[in-house]
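Trainee:
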Amino acid sequence: QVQLVESGGGMVQAGGSLRLSCVVSGSIFSSSYLAWHRQAPGRQREFLAGIGSGGYTNYVDSVKGRFTISKDVAKNTVYLQMNSLKPEDTANYYCYVQSGVHPYNTYWGQGTQVTVSS
-16 QVQLVESGGG
-6 MVQAGGSLRL
4 SCVVSGSIFS
14 SSYLAWHRQA
24 PGRQREFLAG
34 IGSGGYTNYV
44 DSVKGRFTIS
54 KDVAKNTVYL
64 QMNSLKPEDT
74 ANYYCYVQSG
84 VHPYNTYWGQ
94 GTQVTVSS
């Protein structure tokens, strides 16, 4: 049974920083593609950043240079360091794991709320 548990959300002023964490249970962590998505009220869930099993990272343009995804294989944890936060970053942030081969097994965390005040 794979479980994802996120933490690190909260309220912060514009320009501030937060670090989100997602602990992934099970044995799939090291071989999986890991990502962070977010969903703001009334909007579709959007991809933010991903990291492959080999460490390759990719980002959506809106967070490049501000957000950094990383992972600690020993801790089965993926992180999202968020700097220079803006009010438009306010959303519920979700951890995502994709494992296996097509059709992939996919898993989502429960989400953690990030609120950025102006």
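Numbering (our numbering), first residue to last: -16 to 101.
Glycine included, each C-beta is placed from N, C-alpha and C at the ideal position.
(1) Since residue 49 is in the beta strand (DSSP E), which residue starts that stretch and which ends it?
(2) Report the CB separation of residue -3 from residue 68 in whole angstroms; it is logged as a contact under 8 Å.
(3) Which residues in the same chain have their Cβ closer than 6 Å to the Cβ of residue 167, if we skip the five residues on either side of it in sequence?
(4) Are the segment 76 to 83 and the segment 46 to 58 in contact at 8 Å, needing three or more beta carbon pairs?
(5) Under the assumption that residue 59 contacts residue -12 (Cβ atoms under 8 Å), give the Cβ distance between them as a whole number of angstroms.
(6) How about residue 73 and residue 97: are their beta carbons less than 8 Å apart?
(7) If you run the structure through DSSP and keep just helix, strand and coil, what is residue 84?
(8) Please report the distance separating the alpha-carbon of residue 21 from that of residue 88.
Mentor: In short:
(1) Looking up residue 49 in the sequence shown gives position 66. Taken as a continuous stretch (DSSP letters only), residue 49 belongs to no beta strand (DSSP E), as it is neither H nor E.
(2) Taking the first residue of the sequence shown as position 1, residue -3 is located at position 14. Taking the first residue of the sequence shown as position 1, residue 68 is located at position 85. Right, their Cβ atoms sit about 6 Å apart.
(3) No statement about residue 167 is possible, as the shown extent of the chain runs from -16 to 101 and does not include it.
(4) By the C-beta criterion, the segment 76 to 83 is judged not to be in contact with the segment 46 to 58, since fewer than 3 inter-stretch pairs fall below 8 Å.
(5) As a working mapping, residue 59 is identified with position 76 in the sequence shown. As a working mapping, residue -12 is identified with position 5 in the sequence shown. Actually they do not touch by this definition, with Cβ atoms about 10 Å apart.
(6) Translated into positions along the sequence shown, residue 73 becomes position 90. Translated into positions along the sequence shown, residue 97 becomes position 114. Yes, Cβ-Cβ distance for residue 73 and residue 97 is below 8 Å.
(7) Here residue 84 refers to the residue found at position 101 when the sequence shown is read from its first residue. Here residue 84 sits in coil by DSSP.
(8) Position 38 of the sequence shown, counting from 1, holds the residue named residue 21. Position 105 of the sequence shown, counting from 1, holds the residue named residue 88. Answer to the nearest angstrom: the Cα atoms are 20 Å apart.
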